[in-house]
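Take a look at the structure set out below.
Protein chains: 2
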Amino acid sequence: MNKIIDILKFDNKGLIPVVVQDYKDNTVLMVAYMNSEAVDKTLKTGIATYWSRSRSKLWVKGEQSGNIQKLKEFYYDCDKDCLLIKVTQVGVGAACHTGYRSCFFSKINLELINKTENILSECIGKKLFDPDQVYKKSC
Amino acid sequence: MNKIIDILKFDNKGLIPVVVQDYKDNTVLMVAYMNSEAVDKTLKTGIATYWSRSRSKLWVKGEQSGNIQKLKEFYYDCDKDCLLIKVTQVGVGAACHTGYRSCFFSKINLELINKTENILSECIGKKLFDPDQVYKKSC
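Residue numbers (this note's numbering), protein chains in the order written: chain A, 274 to 412; chain B, 274 to 412.
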């Protein structure tokens, strides 16, 4: 199992970014980070496991909410410093801890660029779960 | 135009990662980085502009190959520390400097995980252009 770890280029914190994409429709659900142990665990268990930069610990995505991610495909890029995984998002289909399907729910209105100095973003999608009911502490 | 810059959280090098997705079929083409100037230029010009970490300069994607990326949609994530843009890839449709459509052309064979210690990856897709003919220097 060492070879993939040897191939990948982790940054000076020992991390590599991971784009997480829905296996079925290619929606980008989130971007997270893995260290070598998280890469190893994800590959061996088939359950997406990341390094939480805010909590400084391994993080099995969905361990608290139940919304785990089953690994379907695993890619690395031409520079070997970024990963792309395709997953099946278990649960109500929400990957974001805010309750949205994707973390990228804030979309900038490009039609207003160059017309005003105020950037307007709109919230797309709808909340699939209430974070207050899923997590004990507020998100 | 300042507000988006104020909203986003750039890292300690002044950079933010950007997932670049094909507008039509949601293929993840590449992951690059922007500084605040690149964000500004991308929004104002509608042409994807990044910060090249290897060359330490602003980089209009496709400035040499002609394979520019036209900005169609622009998102930021829940933590405001990652961007997602959807683009139309001009040219032969290849975003990767190696000639492949996507930088993520190396796919790990998951069926062999836990069966052997050797990780096998396969090259998916086909080269859409010959880098030696597009770039003056070798890639």
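Every residue, glycine too, gets a C-beta built ideally from N, C-alpha and C.
Chain A within 7 Å of residue i, Cβ atoms only
i, result
"valine 301 of chain B", "yes"
"isoleucine 341 of chain B", "no"
"valine 304 of chain B", "yes"
"isoleucine 277 of chain B", "yes"
"cysteine 396 of chain B", "no"
"serine 309 of chain B", "no"
Sequence-distant residues of the same chain with beta carbon closer than 8 Å to residue i, five excluded per side
i, result
"valine 363 of chain A", "Gly335, Gly339, Asn340, Ile341, Gln342, Lys343"
"threonine 300 of chain A", "Gln294, Arg374, Ser375"
"glutamine 389 of chain A", "The question names glutamine, but residue 389 of chain A in the sequence shown is threonine. Nothing meets the Cβ criterion."
"asparagine 391 of chain B", "Leu385"
"aspartate 284 of chain B", "Asp354"
"aspartate 279 of chain A", "none"
Closer than 7 Å to chain B by CB, residue i
i, result
"isoleucine 349 of chain A", "Reading off the sequence shown, one finds tyrosine at residue 349 of chain A, where the question assumed isoleucine. At least one chain B Cβ lies under 7 Å of tyrosine 349 of chain A."
"asparagine 391 of chain A", "yes"
"proline 290 of chain A", "yes"
"leucine 281 of chain A", "no"
"leucine 401 of chain A", "no"
"alanine 367 of chain A", "no"
Nearest-angstrom Cβ-Cβ length linking residue i and residue j, presumed shorter than 8 Å
i, j, result
"tyrosine 292 of chain B", "valine 292 of chain A", "Before going further, note that residue 292 of chain B is valine rather than tyrosine in the sequence given. Valine 292 of chain B to valine 292 of chain A, Cβ: 5 Å. Contact."
"tryptophan 332 of chain A", "threonine 322 of chain A", "7 Å"
"proline 290 of chain A", "cysteine 355 of chain A", "5 Å"
"tyrosine 306 of chain B", "tryptophan 324 of chain B", "5 Å"
"asparagine 308 of chain A", "leucine 288 of chain A", "6 Å"
"methionine 303 of chain B", "alanine 367 of chain B", "Between alanine 367 of chain B and methionine 303 of chain B the Cβ distance is about 10 Å, and since that is not below 8 Å, they are no contact."
"lysine 380 of chain A", "valine 360 of chain A", "Their Cβ separation, rounded to whole angstroms, is 23 Å, which puts lysine 380 of chain A and valine 360 of chain A out of contact at 8 Å."
"leucine 316 of chain A", "isoleucine 386 of chain B", "5 Å"
One or two residues paired with residue i in a DSSP bridge
i, result
"aspartate 295 of chain B", "B:Val360"
"lysine 380 of chain A", "A:Glu395, B:Tyr348"
"glutamine 342 of chain A", "A:Gln362"
"alanine 305 of chain B", "B:Val291"
"lysine 330 of chain A", "A:Ser325"
"isoleucine 320 of chain B", "B:Lys343"
Same chain, Cβ closer than 6 Å to residue i, five either side skipped, listed in chain order
i, result
"tyrosine 348 of chain B", "Leu357"
"asparagine 382 of chain A", "Leu393"
"isoleucine 397 of chain B", "Phe378, Lys380"
"lysine 314 of chain B", "Thr322"
"aspartate 405 of chain B", "none"
Chain-order list of residues whose beta-carbon lies under 7 Å from that of residue i (same chain, five-residue window excluded)
i, result
"lysine 400 of chain A", "Gly372, Tyr373"
"aspartate 403 of chain B", "Gly372"
"valine 407 of chain A", "Ser338"
"arginine 326 of chain B", "Tyr306"
"phenylalanine 377 of chain B", "Val301"
"alanine 311 of chain A", "Thr322, Tyr323, Trp324, Leu331"
"glutamate 395 of chain A", "Lys380, Asn382"
is_contact[residue i, chain E] using C-beta, thresh 7 Å
i, result
"leucine 331 of chain A", "Among the protein chains in the structure shown, which are A and B, there is no chain E."
Contact test: residue i Cβ vs the ligand COA heavy atom, cutoff 6 Å
i, result
"leucine 288 of chain A", "In the structure shown, the ligand COA is absent, as is every other ligand, since no ligand is present at all."
Where the segment 372-389 of chain B meets chain A: residues whose CB sits under 8 Å from a CB there: Tyr373, Cys376, Phe377, Phe378, Ser379, Lys380, Ile381, Leu383, Ile386, Asn387
Under 7 Å (Cβ pairs) to chain A, residues found in the segment 311-326 of chain B: Leu316, Lys317
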